[in-house]
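Structure record follows, encoded as structure tokens.
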Amino acid sequence: MKPYPPITDYMATSLITFRKDTDIREAIDVLLDKKISGAPVLDQDGQLIGMLSEADCLRILVEGPYNQEPASSKLSVKDYMSTQIKTIAASKSVLDAAYEFVRSGYKRLPVVDAGRLVGQISRVDILRAIQKMEPDVKHIPDSWRGREPEMPGYKKTFYAKNS
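Reminder that position 59 of the sequence shown reads as 59 in full-length UniProt numbering, one-by-one numbering, no gaps.
Now the structure itself:
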């Protein structure tokens, strides 16, 4: 069986990032303008300290009326970013990342190497990897060659029906 490709082959490396003191409305503008659903938050030394997602930004509307925050108050990324960060090591494979996405429900994971942010991998990146991977599985045992059983049509997958 072939090894699974490393996440470094599919991760994004040219990242949009935020600082904790960035105005939250500016951050929302960037998310919308760049058509991304979230981004890492870095401190002044470039260390990963949080993630800002669309869901984090929605808290402005949900929490604002409850806390009676004035609309003109200066709200920053640090007020809304998630600080419990799940990362993945740059040495991991696309299978490892897929497992994390399925298990955790996250949409993106910061990729770190020796504690430094080197990229970000998303569910979509893993789907791209799947598209490029060639299956290396024999579905029919060699002893059945020439006398393969026919599967009923209603049990065939789309792929099996069209091959």
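Built from N, CA and C at the ideal position, the CB exists for glycine as well.
Under 6 Å Cβ to Cβ from residue i, same chain only, skipping five residues before and after it: list those, please.
i	result
ALA98	ILE126
LYS92	ILE7
DSSP three-state label for residue i, please.
i	result
GLN44	coil
ASP21	coil
GLN131	helix
ALA90	coil
LEU32	helix
ILE121	strand
SER14	coil
ALA114	coil
SER53	strand
SER37	coil
LEU75	coil
Near residue i, which residues of its chain fall below 8 Å by C-beta distance, leaving aside the five closest residues on each side in sequence?
i	result
ASP21	SER76, VAL77 and LYS78
LYS74	ASP23
Report back the beta-carbon spacing between residue i and residue j to the nearest angstrom; my notes put them in contact at under 8 Å.
i	j	result
THR17	LEU42	5 Å
ARG123	LYS107	6 Å
SER109	PRO40	Reading off the sequence, residue 109 comes out as Leu, not Ser. About 10 Å separates the two Cβ atoms, so there is no contact after all.
GLY105	VAL111	Their Cβ separation, rounded to whole angstroms, is 18 Å, which puts GLY105 and VAL111 out of contact at 8 Å.
Could you pull out every residue in the same chain whose Cβ sits closer than 7 Å to the Cβ of residue i, ignoring the five residues on either side in sequence?
i	result
VAL94	TYR4, PRO5, ILE7, TYR10, ILE126 and ALA129
ASP56	TYR80, MET81 and SER82
VAL30	ILE16
Can you confirm whether residue i, when its beta carbon is compared against all beta carbons of chain E, has any partner nearer than 7 Å?
i	result
ALA89	Looking for chain E here will not work: only one protein chain is present.
Inset, instruction - Inspect the CB distances between the region 40-49 and the region 2-14 and report whether three or more fall short of 8 Å. - result: Between the region 40-49 and the region 2-14, the count of C-beta pairs closer than 8 Å stays below three; the two stretches do not touch.
Inset, instruction - Would you check if there are 3 or more beta carbon pairs closer than 8 Å linking the region 84-94 to the region 21-39? - result: Counting C-beta pairs closer than 8 Å gives fewer than three between the region 84-94 and the region 21-39, which falls short of the contact rule.
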